[in-house]
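A.B. asks:
Here you go:
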């Protein structure tokens, strides 16, 4: 193994979520399913299909940690760059975990934007989302439980 390979970015966790979209007259029509890839240096968001007309809620993705280590995040991103965005951990001001109408929510607050994600209760509870955030974000990122997320 070369020095470059040992310092390469590794995926440490992956979770299904829904990106909350723009507020519309009919709430939730612009929501988009996604996969959050937590790596050693950033959060990579892979946008999937729109939630519009889709009554199926994606399940919680709990991958085997050993299988995640073999994922090459840059190869995944290069497969379709338009579907991906990333949030470097050093740009995250804080992560707020809470709920709205029983649905667990996570707001990732950076200096220039708020990234909002939601899961659907009772399939996923707020305690599970908080545990995931505390497990996958590095220690220097403030993760807090709030009454209503930003």
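Residue numbers (our numbering): 32 to 181.
Cβ coordinates follow ideal geometry from the N, Cα and C atoms, glycine included.
Computed from a predicted model, the values in this text were never measured in an experiment.
1. Given this structure, state the Cα-to-Cα distance separating residue 183 from residue 49, to the nearest angstrom.
2. Just grab the DSSP bridge partners of residue 74 for me.
3. At the level of alpha carbons, what is the spacing between residue 86 and residue 151?
4. For residue 169 and residue 44, I'd like the C-alpha separation in whole angstroms.
5. Could you tell me the alpha carbon to alpha carbon distance between residue 74 and residue 139, rounded to whole angstroms?
6. Do you know whose CA, among 72, 46, 40 and 41, lies nearest residue 172's CA?
7. Closer than 6 angstroms by C-beta to residue 69: which residues in its own chain qualify, once you throw out the five before and the five after it? Chain order, please.
8. Just checking my contact of residue 101 with residue 131 at CB under 8 angstroms: how many whole Å lie between their CB atoms?
9. Thinking C-alpha only, which one of 160, 145 and 61 is nearest residue 117?
10. How is residue 175 classed by DSSP in three states: helix, strand or coil?
11. Looking only at DSSP bridge pairs, what is residue 129 linked to?
12. Of all the CB atoms in chain B, is at least one closer than 8 angstroms to the CB of residue 164?
13. Measure the Cβ-Cβ separation of residue 103 and residue 78 and say whether it is below 8 angstroms.
14. Rounded to the nearest angstrom, what separates residue 63 and residue 136 at their Cα positions?
15. Starting from residue 39, follow the alpha helix (DSSP H) in both directions and report where the run begins and ends.
C.D. replies: On the basis of the coordinates in this document:
1. The first residue shown for the chain is 32 and the last is 181, placing residue 183 beyond what the model contains.
2. Along the chain shown, read from residue 1 onward, the residue named residue 74 stands at position 43. When DSSP reads this structure, residue 74 sits in a beta bridge with 69 and 118.
3. Within the chain shown, numbered from 1, the residue matching residue 86 stands at position 55. Within the chain shown, numbered from 1, the residue matching residue 151 stands at position 120. With a pLDDT of only 43 at residue 86, under 50, the local geometry of the prediction cannot be trusted, and the value read off the model is given with reservation. Approximately 12 angstroms between the Cα atoms of the pair.
4. Within the chain shown, the letter at position 138 stands for residue 169. Within the chain shown, the letter at position 13 stands for residue 44. Computed Cα separation, rounded: 12 angstroms.
5. In the chain shown, the residue the question calls residue 74 occupies position 43. In the chain shown, the residue the question calls residue 139 occupies position 108. So the alpha carbons of these two residues sit roughly 10 angstroms apart.
6. In the chain shown, counting from the first residue as 1, residue 172 sits at position 141. The shortest C-alpha separation from residue 172 is found at 72.
7. Residue 69 sits at position 38 when you count from the first residue of the chain shown. Around residue 69: 43, 44 and 167.
8. Counted from its first residue, the chain shown places residue 101 at position 70. Counted from its first residue, the chain shown places residue 131 at position 100. With a Cβ gap of about 36 angstroms, residue 101 and residue 131 do not count as contacting.
9. Position 86 of the chain shown holds residue 117. It is 145 whose Cα lies nearest to the Cα of residue 117.
10. The residue labelled residue 175 in the question sits at position 144 within the chain shown. Of the three classes helix, strand and coil, the one that applies to residue 175 here is strand, per DSSP.
11. Along the chain shown, one-based indexing puts residue 129 at 98. The partner list for residue 129 (beta bridge, DSSP) reads 136.
12. Structure shown: chain B not included; a single protein chain is present.
13. Residue mapping note: residue 103 aligns to position 72 of the chain shown, counting from 1. Residue mapping note: residue 78 aligns to position 47 of the chain shown, counting from 1. No, Cβ-Cβ distance for residue 103 and residue 78 is not below 8 angstroms.
14. If you number the chain shown from 1, residue 63 lands on position 32. If you number the chain shown from 1, residue 136 lands on position 105. Their Cα atoms are separated by approximately 14 angstroms.
15. Along the chain shown, read from residue 1 onward, the residue named residue 39 stands at position 8. Careful: residue 39 lies outside any alpha helix (DSSP H) and carries neither H nor E.
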